[in-house]
Amino acid sequence: MKRNSILPMLVLTSIMGISSCSTDYMAYDVGLKDGIYFITDSVNYQFGMKVGEDFNYAIAVRLLGTPKHYDRKFGIELLEEETTAKEGLHYKLIDTFVIPADMVIGKVSFILHRYLDPEITKRAFVVKMRLVENENFRLVMNDECKLEFSDTELLRPRWWSDRHFGPYSQMLMMDILNNYWALEETHPLLFERIAAEYGRNLERAYSFPYQQEIAFIKYIITPAYEYYKEHPHPKVDIPEPATLV
Numbered sequence: 004m005k006r007n008s009i010l011p012m013l014v015l016t017s018i019m020g021i022s023s024c025s026t027d028y029m030a031y032d033v034g035l036k037d038g039i040y041f042i043t044d045s046v047n048y049q050f051g052m053k054v055g056e057d058f059n060y061a062i063a064v065r066l067l068g069t070p071k072h073y074d075r076k077f078g079i080e081l082l083e084e085e086t087t088a089k090e091g092l093h094y095k096l097i098d099t100f101v102i103p104a105d106m107v108i109g110k111v112s113f114i115l116h117r118y119l120d121p122e123i124t125k126r127a128f129v130v131k132m133r134l135v136e137n138e139n140f141r142l143v144m145n146d147e148c149k150l151e152f153s154d155t156e157l158l159r160p161r162w163w164s165d166r167h168f169g170p171y172s173q174m175l176m177m178d179i180l181n182n183y184w185a186l187e188e189t190h191p192l193l194f195e196r197i198a199a200e201y202g203r204n205l206e207r208a209y210s211f212p213y214q215q216e217i218a219f220i221k222y223i224i225t226p227a228y229e230y231y232k233e234h235p236h237p238k239v240d241i242p243e244p245a246t247l248v
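Read in order, the letters of the sequence shown correspond to residues 4 to 248 in this note's numbering.
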């Protein structure tokens, strides 16, 4: 009896599902413009341990509708009252706003400047933007997005030693790490040995890696010392390597 009663219920459910889908399809307005929206309403970008002066960053814009076989432009405007970053000093906005052909994702692209304004190491800067309706798209859901970015100082790592590196600064820490990472190409066996014990980012070094002190002085500290001897910087005062042995 139970088996016989289940079959009519399944048939009825299927019919209802088909009817519902058919109704939804019929209700869709094919003459309505496709919509666009930001996938998120805010993003936070930290330069952190990245190497370089200028960085490309893009915020995704998603299509609500049907992809077309041609590119379609969308509009953007900056909300000046909520924007603290200055174009040319903190960022450059790439003014090509397109949903590409046969795609459902476009982007708003920036070049973020790291070193043009020292204030960026003290506080975050904001670019607030809004999508603008045009002949191609209407606005749906999230039409505003805030990009917040900064280069605030990273905390002094546990492996930092004033005796070996001098006073801590994020800039010098990045130079030390870059010299360390360069060993993967120049001295791969040494790099593999150090990384196995202390990690690729020295994350397992709970103090200065004294077991590799000679290698650190020769291949990591000395190149940094020689560079800043030729290019002095007020934040850098590396002890002479010969005094460390």
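Virtual Cβ for every residue (Gly too), placed ideally from N, Cα, C.
When the five nearest sequence neighbours on each side are left out, the beta carbons in the same chain lying within less than 7 Å of the beta carbon of ASP154 are those of PHE50, ARG117, ILE123, THR124, in order along the chain. Secondary structure at ARG133: strand, using DSSP grouped into helix, strand and coil. With the rule of 3 Cβ pairs closer than 8 Å, the segment 208-215 does not count as touching the segment 226-235.
The continuous stretches of beta strand (DSSP E) do not include GLU243, and DSSP gives it neither H nor E. Between LEU175 and LYS238, the CB-CB gap stays under 9 Å.
One thing to note: PHE41 has its Cβ no nearer than 9 Å to the Cβ of LEU115. Burial check for ASP178: the Cβ neighbour count within 10 Å reaches 16 or more, so the residue is buried. In this structure, LEU142 lies away from ILE108, with their beta-carbon atoms at least 9 Å apart.
Going by DSSP, GLU80 is part of the beta strand (DSSP E) stretching over 78-81. For ALA88, same chain residues with a beta-carbon under 7 Å away, outside a window of 5 residues either side, are TYR94, PHE128, VAL129, VAL130 in chain order. Taking a contact as a CB-CB distance under 8 Å, the pair TYR201 and ARG161 does not count as one, their CB atoms being some 11 Å apart. Here the alpha carbon of ILE102 sits roughly 28 Å from the alpha carbon of GLU84.
Between LEU192 and VAL46, the beta carbon gap of about 41 Å keeps them out of contact (Cβ cut-off 8 Å).
When the alpha-carbon of VAL54 is set against those of ARG166, ASN181, GLY169, MET106, the nearest one is in ASN181. Burial is judged here by how many other beta carbons sit within 10 angstroms of a residue's own beta carbon; ILE97 has fewer than 16 and is exposed.
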